[in-house]
Amino acid sequence: MKTLHVELGDRRYPIYIGSGLLDQPDWLRPHIPSRQVLVVSNTTVAPLYLKRTLATLGGLRCEAVILPDGEQYKTLAVLDEVFTALLQHRFDRNCTIIALGGGVVGDMAGFAAACYQRGVHFIQIPTTLLAQVDSSVGGKTAVNHPLGKNMIGAFYQPRCVLADTDTLATLPDRELSAGLAEVIKYGLIRDLPFLEWLEANLDALLAREGSALSEAIERSCRNKAEIVAADERETGERALLNLGHTFGHAIETGTGYGTWLHGEAVALGMVLAAELSARLGWLSEKQVERIRTLLDRARLPLAPPPDLSADDFLRLMAVDKKVKDGQLRLILPRGLGQSIIADDVDPILLRKTLEARS
Ligand code: NAD
Ligand code: GLY
């Protein structure tokens with residue numbers, strides 16, 4: 357079992373990573389200050405893990421709300437089901453909301469916790485690789501809007517994150533690969549030794565070897581916790597975590613939420629960012645190929661959706677939370693294991709990069 361902390365002063369919280377944690381009340385219970393607990397899950401995860409979670413919470417007044425499964429349900433309308441459950445059960449402002457599921461459940465439950473009675477206690481139990489390495493840590497919560505991904509949300513930190521690595525055993529292969537995209541992201545933005553470790557250990561990760569998975573989760577969470585502690589509200593360095601995301605969000609919005617997995621869209625976005633960096637002289641063609649090879653080995657897509665033109669990309673990319681005064685800002689690799697926030701990218705080079713792929 358590994359414990360890391362997100363150092364946010366009096367809102368400091370632990371990330372527990374290990375096998376079998378879901379069944380051990382000692383980790384979870386000290387972080388629940390209330391008797392009323394609402395577990396938010398979905399139709400796929402609840403049949404697998406809800407009963408065990410409720411058993412671990414035995415003695416508390418637990419209720420559950422089960423949402424439909426899928427990115428297309430990450431909406432304000434579906435979120436209302438959580439508020440209805442909280443009100444029907446007469447939960448007060450001291451209650452605790454627990455997210456049991458992947459990033460969609462985590463983002464929605466977190467946003468509900470931020471809003472209900474102006475903020476109630478919140479805990480993350482992430483069950484996908486993507487959620488264990490990224491979305492459960494750092495307090496970003498949101499729902500989508502038809503016009504833009506994650507456009508309605510709040511920063512709201514959990515009281516703890518409990519990542520039981522055993523839950524990954526039931527994860528479909530495609531979802532494991534999507535999680536690996538965010539793992540590779542940390543190597544690309546700030547951690548060359550981790551990138552090299554991933555190149556050496558990718559086969560073990562794809563084979564779901566426990567020690568490789570827990571090392572990848574720990575190293576990813578360590579990177580994320582450091583960044584979040586330094587820049588909780590993304591006034592600077594935290595934006596680096598969005599490598600590939602401006603391109604990726606355009607793909608997710610443009611193809612209809614749920615068609616491309618978030619991690620798949622981010623993977624292709626990282627390839628496009630690397631190709632743009634190469635045009636700017638910041639990466640060699642050999643380095644770009646190294647990035648493509650690693651993502652390809654992780655079974656992630658390297659080609660954009662055929663029906664998304666360069667114009668579509670540019671239109672969709674303009675709806676991005678990093679846009680400032682109408683100016684697009686992109687995260688771009690500058691050498692391997694380093695990246696920068698670029699707010700003056702030559703639009704001609706950006707268009708050429710997109711046209712070369714559409
Ligand atoms: P997801 O939540 O849709 O989960 C993927 C699929 O796996 C779903 O069908 C889910 O039901 C299923 N699943 C979950 N756990 C399982 C398990 N243990 N066994 C079998 N099936 C399981 O997707 P995701 O990739 O976890 O998260 C993507 C979402 O996270 C996106 O909405 C993205 O915007 C968001 N995100 C948020 C942040 C953040 O910082 N808040 C960071 C990255 C991504
Ligand atoms: N996934 C981006 C962030 O947490 O900032």
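Be aware that the sequence shown starts at 357, since it is given in this note's numbering, and climbs by one per residue.
C-beta atoms are modelled at their ideal positions from N, C-alpha and C, and glycine is treated no differently.
A quick note: this is a predicted structure, and the numbers were derived from the prediction, not measured.
Compare the beta carbon distance of residue i and residue j with 8 Å and say whether it is the shorter of the two.
i      : j      : result
Met626 : Leu651 : yes
Ala586 : Val539 : no
Gly610 : Gln428 : no
Ser695 : Leu596 : yes
Ile508 : Asn598 : no
Ala718 : Ile371 : The requested residue 718 does not occur in the structure, where the chain is confined to residues 357 to 714.
Arg446 : Leu416 : no
Asn398 : Asp436 : no
His477 : Pro389 : yes
Leu413 : Val393 : yes
Thr409 : Ile481 : yes
Ala534 : Leu486 : yes
Cys516 : Ile479 : yes
Ala654 : Leu558 : yes
Pro657 : Leu636 : no
Leu617 : Glu531 : yes
Leu554 : Val675 : no
Trp353 : Arg707 : The structure shown does not extend to residue 353, since the chain is modelled only from 357 to 714, so the question has no answer here.
With DSSP collapsed to three states, give me the class of residue i.
i      : result
Asn398 : strand
Cys577 : helix
His618 : helix
Cys516 : coil
Phe511 : strand
Pro549 : helix
Ile388 : coil
Ala469 : helix
Pro403 : helix
Tyr613 : coil
Thr591 : coil
Ser665 : coil
His601 : helix
Phe447 : coil
Leu686 : strand
Glu608 : helix
Lys430 : coil
Ala674 : coil
Thr523 : helix
Thr497 : strand
Ser695 : strand
Ala534 : helix
Gln380 : coil
Glu363 : coil
Pro528 : coil
Arg368 : coil
Glu565 : coil
Leu628 : helix
Leu705 : helix
Leu423 : strand
Val438 : helix
Consider the Cβ of residue i: report whether some Cβ of chain D lies at a distance smaller than 8 Å.
i      : result
Arg446 : Within the model displayed, chain D is absent; a lone protein chain is all it includes.
Classify residue i as buried or exposed, calling it buried when 16 or more other Cβ atoms lie within 10 Å of its own Cβ.
i      : result
Asp490 : buried
Asn450 : exposed
Ile373 : buried
Leu561 : buried
Thr440 : exposed
Asp668 : buried
Ala634 : buried
His387 : buried
Arg368 : exposed
Ala537 : buried
Lys680 : exposed
Glu361 : It is worth fixing the name first, because residue 361 is His in this sequence and not Glu. Classification of His361: exposed, given that the 10 Å Cβ count is below 16.
Gln683 : exposed
Asp702 : exposed
Lys541 : buried
Ala470 : buried
Glu363 : exposed
Gln488 : buried
Ser567 : exposed
Glu711 : exposed
Pro514 : buried
Gly619 : buried
Ile704 : exposed
- Item | Three or more C-beta pairs below 8 Å linking the segment 546 to 555 and the segment 626 to 639 | no
- Message: Under 8 Å, with one C-beta from each stretch per pair, do the segment 456 to 471 and the segment 490 to 509 reach the 3-pair mark?
- Response: yes
- Pair every Cβ in the segment 647 to 667 with every Cβ in the segment 604 to 615, then say whether three or more of these pairs are closer than 8 Å. yes
- Item | the segment 587 to 594 in contact with the segment 451 to 458 per 3-pair CB rule at 8 Å | no
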